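To keep things clear, I will list the structure first and then write my remarks on it.
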Amino acid sequence: MITDRQTETGQGRVNQLGGVFINGRPLPNHIRLKIVEMAAAGVRPCVISRQLRVSHGCVSKILNRYQETGSIRPGVIGGSKPKVTTPDVEKRIDDYKKENPGVFSWEIRDRLVKEGVVDKASAPSVSSISRILRGGKRDDDPRKDHSIDGILGECPTVLIHCLHSPPHTAPIVPHTLPP
DNA sequence: TCCGTGACGGTTGAA
DNA sequence: CCTTCAACCGTCACG
């Protein structure tokens with residue numbers, strides 16, 4: 001059985017501060033907004049944490065992210081990175097390297113094409129190959145920089161303006177609907 | 001007391 | 001359609 005007051009749906013959980021959250025899922029947008037609003041208004045993080053009943057670790061993280069990226073939104077969850085090479089191709093590259101550790105990337109590319117492992121047109125770039133050679137890692141991760149910070153309409157001036165409205169009015173969320 | 005950090009248990013979604 | 005698995009989540013506890 002689960003402790004605390006969980007909702008019937010089993011989704012809601014309550015943290016040490018009495019705040020509701022859903023484990024594994026981002027905080028709702030209006031709370032993220034509020035955190036940034038308050039910080040912009042000069043409220044200390046510890047106060048924000050207590051008042052909104054969000055763990056200080058989370059407040060810290062969200063504020064930090066906002067400072068770095070200018071975005072209120074959580075990162076992109078789930079899915080896999082688009083792969084430029086198939087697992088099969090990666091294995092071949094690995095094999096070639098094992099046979100001849102000093103091999104150049106362009107040589108590998110040539111060989112992949114020559115042996116018909118890949119089509120000439122769709123062959124991985126030399127830099128892709130060298131990346132695979134180097135790390136055995138995945139290709140580079142431009143995921144974060146891809147984030148488009150404009151789409152939310154989260155202009156700080158708007159946030160501050162929100163803040164100035166009387167506390168009893170409903171929080172004005174500028175149509176920030178997650179897909 | 002405040003806050004940065006990372007382990008932890010969790011969910012997600014393209015491949 | 002089902003499974004994988006690396007990405008992110010917020011909370012908690014430590015320092």
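In full-length UniProt numbering, the protein residues as written are 1 to 179.
Ideal placement from N, C-alpha and C gives every residue a C-beta, glycine not left out.
Please read all numbers here as calculations on a predicted model, not as lab measurements.
Boundaries of the alpha helix (DSSP H) in which isoleucine 62 is found, first to last residue: Here residue 62 is taken as the residue at index 62 of the first sequence, counted from 1. Its alpha helix (DSSP H) spans residues 56–69.
**Asked** In the structure shown, what three-state DSSP assignment does arginine 131 receive?
**Response** Taking the first sequence and counting its residues from 1, one reaches residue 131 at position 131. Arginine 131 falls in the helix class under three-state DSSP.
>> Once DSSP output is grouped into helix, strand and coil, what is the label at arginine 73?
In response: Walking along the first sequence from the start, residue 73 turns up at place 73. If DSSP states are grouped into helix, strand and coil, arginine 73 belongs with coil.
**Message:** Using only the alpha-carbon positions, how far apart do tryptophan 106 and glycine 42 sit?
**Reply:** The sequence position of residue 106 within the first sequence is 106, counting from 1. The sequence position of residue 42 within the first sequence is 42, counting from 1. Annotation: tryptophan 106 to glycine 42 spans about 56 Å, alpha carbon to alpha carbon.
_Backbone CA spacing between arginine 109 and tyrosine 96 [nearest angstrom]_ = Here residue 109 is taken as the residue at index 109 of the first sequence, counted from 1. Here residue 96 is taken as the residue at index 96 of the first sequence, counted from 1. Answer to the nearest angstrom: the Cα atoms are 10 Å apart.
- To which residues does DSSP link valine 20 through a beta bridge? Here the question's residue 20 lines up with position 20 in the first sequence. Note: valine 20 sits in a beta bridge opposite Val14.
ask   = alanine 121 lies in the alpha helix (DSSP H); which residues open and close that run?
value = Position 121 of the first sequence, counted from the start, is the residue given in the question as residue 121. Judged by DSSP secondary structure, alanine 121 falls outside any alpha helix (DSSP H); it is assigned neither H nor E.
Quiz item: Out of curiosity, what's the CA-to-CA distance linking arginine 50 and isoleucine 77?
Solution: One-based indexing of the first sequence puts residue 50 at position 50. One-based indexing of the first sequence puts residue 77 at position 77. One C-alpha to the other measures close to 27 Å.
Output needed for arginine 32: all residues of its chain with C-beta closer than 7 Å, excluding positions within five of it in sequence on either side, in chain order. Within the first sequence, residue 32 is the residue found at index 32, counting from 1. So the list reads Ile62 and Ile72, once near-sequence residues are dropped.
* **Residue interval of the alpha helix (DSSP H) (run including serine 80)** => Here residue 80 refers to the residue found at position 80 of the first sequence. Where serine 80 is concerned, there is no enclosing alpha helix (DSSP H), given that its DSSP letter is neither H nor E.
- From what residue to what residue does the alpha helix (DSSP H) around asparagine 29 run? In the first sequence, residue 29 corresponds to position 29, counting from 1. First-last of the alpha helix (DSSP H) with asparagine 29: 29–40.
Discussion item. Spatial neighbours of serine 130 within its chain, please: C-beta separation below 7 Å, excluding the five flanking residues on both sides.
Written reply: Looking up residue 130 in the first sequence gives position 130. Taken in chain order, the residues that qualify are Ser105.
Leaving out five residues before and five after valine 103 in sequence, what residues of the same chain have Cβ atoms less than 7 Å from its Cβ? As a working mapping, residue 103 is identified with position 103 in the first sequence. Excluding residues within five positions, the ones whose Cβ falls inside 7 Å are Tyr96 and Lys97.
When DSSP labels each residue in this structure, what does glutamate 115 get in the three-state scheme?
-> If you number the first sequence from 1, residue 115 lands on position 115. Correct three-state label for glutamate 115: coil.
Original post:
How should valine 47 be labelled, buried or exposed, when 16 other C-beta atoms within 10 angstroms of its C-beta is the threshold for buried?
Top reply: The residue you call residue 47 lines up with position 47 of the first sequence. Its Cβ having fewer than 16 others within 10 Å, valine 47 is exposed.
Thinking just about the alpha-carbon of each residue, which of Ser60, Asp119, Ser55 and Asn29 is nearest to the one in valine 14? Counted from its first residue, the first sequence places residue 14 at position 14. Ranking Ser60, Asp119, Ser55 and Asn29 by CA distance to the CA of valine 14 puts Ser55 first.
request  = State the Cα-Cα distance for the pair arginine 25 and glycine 57, rounded to the nearest angstrom.
outcome  = In the first sequence, residue 25 corresponds to position 25, counting from 1. In the first sequence, residue 57 corresponds to position 57, counting from 1. About 15 Å.
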